[in-house]
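If you count the sequence shown from 1, position 24 lands on 19 in the working numbering, and the numbers rise without skipping.
Yeah, the Cβ is synthetic: ideal placement off N, Cα and C, and Gly gets one too.
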Amino acid sequence: MSSKDMIDACMKHSLFSWSATGKVDPIPVARAEGIYLYGPEGQRWIDWNSQLMSVNIGHGHPKVIKAIQDQAAQLAYAYPGMATEIRAKLSLRLAELVPGDLNTFFYCLGGAEANENAIKAARMFTGRHKILVRYRSYHGATHGAITLTGDPRRWPTEPGMPGVVRVMDPRPYDYSFGASDEEIVRNNLTYLEEVIQYEGPKNIAAMFIETVTGTNGILPPPKGYLK
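Following this line, the structure appears as structure tokens:
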């Protein structure tokens, strides 16, 4: 299929997420290898973000391909209530790698699904309903996850999930909370503590934080903030 036919068919019969459909200009990708994406006519692009970091060891790695092929031939799908060898091996390996007593895992297919389940787990475990999130954040595009997401892309979906409280994050580039890391951390955490007091500490089930904010601008936290 040519690039034009590929683009025309996709534009006519499918919708692209996070895009104004009439303005989207998709890249026609026929295959990928290593760090490169290739178009039908041989065009080549560097995949700078590794498909949202999902292919961080490169496209078409032979070990990954073989693992997929072997698993598809052995067992392509298993009901979530079943125990499987691959699930057992992954769980044992993670239990060895993860620090402390964090040795039990709940598997999800993606970040948004993981966050949806984290919301449910936090609320059921604590019996509380409020979730703290930051304005400069991205947590997914499903109903609950996009409500957690702070940036303006959530606006068309509002009011969204109830019980979400948004706070300002310690932005490292505009110095709105101070001129040094120490000052920013002190002032932002004082502000955060005030918000918690106003919302009621016994009402808050969890706070969602990206260690480094990605989609909203690559915002690393000031030194000492996460401690």
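| Asked | Found |
| --- | --- |
| Classify Ile216: buried if its beta carbon has 16 or more other beta carbons within 10 angstroms, exposed otherwise. | The residue asked about is misnamed: residue 216 is Pro in this sequence, not Ile. Buried, because 16 or more other Cβ atoms sit within 10 Å of the Cβ of Pro216. |
| I need the DSSP call for Leu87, collapsed to helix, strand or coil. | helix |
| Do the region 172 to 181 and the region 110 to 117 make contact, defined as three or more Cβ pairs closer than 8 angstroms? | no |
| Quick one: using the 10 Å Cβ neighbour count with 16 as the cut-off for buried, is Asn110 buried or exposed? | buried |
| Apart from the five residues on each side of it in sequence, which residues of its chain come closer than 6 angstroms, Cβ to Cβ, to Val160? | Lys125, Leu127, Glu194 |
| Going along the chain, which unbroken runs of the alpha helix (DSSP H) with 4 or more residues stay wholly within the region 124 to 177? | 138 to 143 |
| Are there 16 or more other CB atoms within 10 angstroms of the CB of Asp164, so buried, or fewer, so exposed? | buried |
| Tell me which same chain residues have a C-beta within less than 7 angstroms of the C-beta of Cys5, skipping the five on either side of it? | Pro21 |
| Going by CA-CA distance only, name the one from Thr121, Leu214, Gly135 that's closest to Pro196. | Thr121 |
| Taking the alpha-carbon of Gly155 as reference, which of Val162, Phe172, Ala136 has the nearest alpha-carbon? | Ala136 |
| So, helix, strand or coil for Tyr31, using DSSP? | strand |
| What do you get for Thr144, buried or exposed, if any count of 16 or more other CB atoms within 10 angstroms of its CB means buried? | buried |
| From the DSSP output, read off the bridge partner residues of Met77. | Looking at the DSSP assignment, Met77 forms no beta bridge with any residue, so it has no partner. |
| I'd like to know if the region 168 to 176 and the region 95 to 104 are in contact, where contact means that at least 3 CB-CB pairs between them fall below 8 angstroms. | no |
| Give the straight-line distance between the Cα atoms of Asp0 and Ser14, rounded to the nearest whole angstrom. | 20 angstroms |
| Rounded to whole angstroms, what's the CA-CA distance from Ala73 to Lys58? Just pull it up for me. | 22 angstroms |
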